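FYI, the numbering for the sequence shown is 1 to 219, going by full-length UniProt numbering. Idealized CB from N, CA, C, for every residue including glycine. Source: prediction; values computed, not measured. What follows is one structure encoded as structure tokens, with my remarks underneath.
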Amino acid sequence: MTTEHETPLIRAVDDDEDQLISLEALLSGEGWDVAAYTSARDFFVNDRPSRPGCLILDLRMPDVSGLEVQAEMKKRGITLPIIFLTGHGDIDTAVFAIRAGAEEFLQKPVQPDRLLTTVARSVQKDCDSREHPIDEAEWKSRFGRLTTREREIIRLAAKGLLNRQIAAKLDISERTVQVHRLSAYRKLDVHNTAELAPITVLLERGKLGDVNGWEPPAG
């Protein structure tokens with residue numbers, strides 16, 4: 001993601017308004033732009049597919065199923081990556097959805113860090129398909145400016161962990177995490193977790209382990 005392109009939008013379609021509120025709070029809190037829809041009809045009428053991003057889609061809704069939405073998107077040529085969320089999933093349905101092109105199929109309640117990592121990967125996949133690929137050399141250069149501690153913290157922050165969770169995992173104070181995280185953000189030229197999406201993807205691809213000889217910490 002780069003500033004010269006339109007910022008990605010995370011769409012969420014779910015008939016459960018409480019679930020939508022929770023998703024919107026989680027994603028917007030990490031810096032993502034979010035559009036929440038309570039029905040598939042609202043999504044198709046109001047969304048602008050030309051804007052990059054991804055779709056978080058409930059499997060079972062009163063008006064239409066998530067799989068039917070997926071099929072309709074395919075008919076309309078809408079190529080947004082789909083992340084299915086469901087409390088009613090089974091293996092057969094998951095396999096069908098993935099074979100039909102879904103990015104991921106997650107059971108509710110999903111772990112926030114897993115969802116955020118999946119969102120980052122899905123958004124970058126969509127940006128890549130729209131010819132806005134990651135500038136790997138640039139991000140490696142930025143990552144190389146970080147201290148070892150900053151890299152440890154950014155590696156966890158990119159997964160969606162909060163400062164207090166990072167502090168507990170690294171056995172340091174929350175204040176120390178905050179100081180190092182802000183310093184790392186300045187060096188990376190990012191302002192929130194959403195803008196760390198390229199880092200998330202490069203870490204998943206194993207592209208940052210050899211920067212300045214640094215290896216990711218175990219665990």
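Boundaries of the beta strand (DSSP E) around Gly53: 53–58.
Judged by DSSP in its simplified three-state form, Leu85 adopts strand.
Bounds of the alpha helix (DSSP H) holding Ala97 are 91–99. Under DSSP, Leu208 forms no beta bridge with any residue. Judged by DSSP in its simplified three-state form, Leu9 adopts strand. For Asp189, the three-state secondary structure derived from DSSP is coil. Shown here, Glu152 sits in a helix according to DSSP, grouped into three states. Excluding sequence positions up to five before and after Phe43, its CB lies within less than 7 Å of the CB of Arg11, Val13, Tyr37, all in the same chain and listed in chain order.
Burial state of Ser129 is exposed, judged by a 10 Å Cβ sphere holding fewer than 16 other Cβ atoms. The alpha-carbon of Lys108 is positioned some 14 Å away from that of Leu116.
For Asp33, the enclosing beta strand (DSSP E) has its first and last residue at 33–37.
Take the alpha-carbon of Ile91 and the one of Phe84: they are about 13 Å apart. Distance from the CA of Val190 to the CA of Ile154, rounded to the nearest whole angstrom, comes to 11 Å. Taking a 10 Å sphere around the C-beta of Lys159, we find 16 or more other C-beta atoms and assign the residue as buried. Taking the Cα of Lys207 as reference, the smallest distance to any Cα among Arg164, Gly101, Asp171, Ser141 is reached at Ser141. Counting along the chain, the unbroken beta strand (DSSP E) around Gln107 starts and ends at 104–107. Contact annotation: Ser39 and Asp58 have beta-carbon atoms that are not nearer than 8 Å. Burial is judged here by how many other beta carbons sit within 10 angstroms of a residue's own beta carbon; Asp126 has at least 16 and is buried.
Residue environment: Ala120 is assigned as buried (16 or more neighbouring CB atoms within 10 Å of its CB, all protein chains considered).
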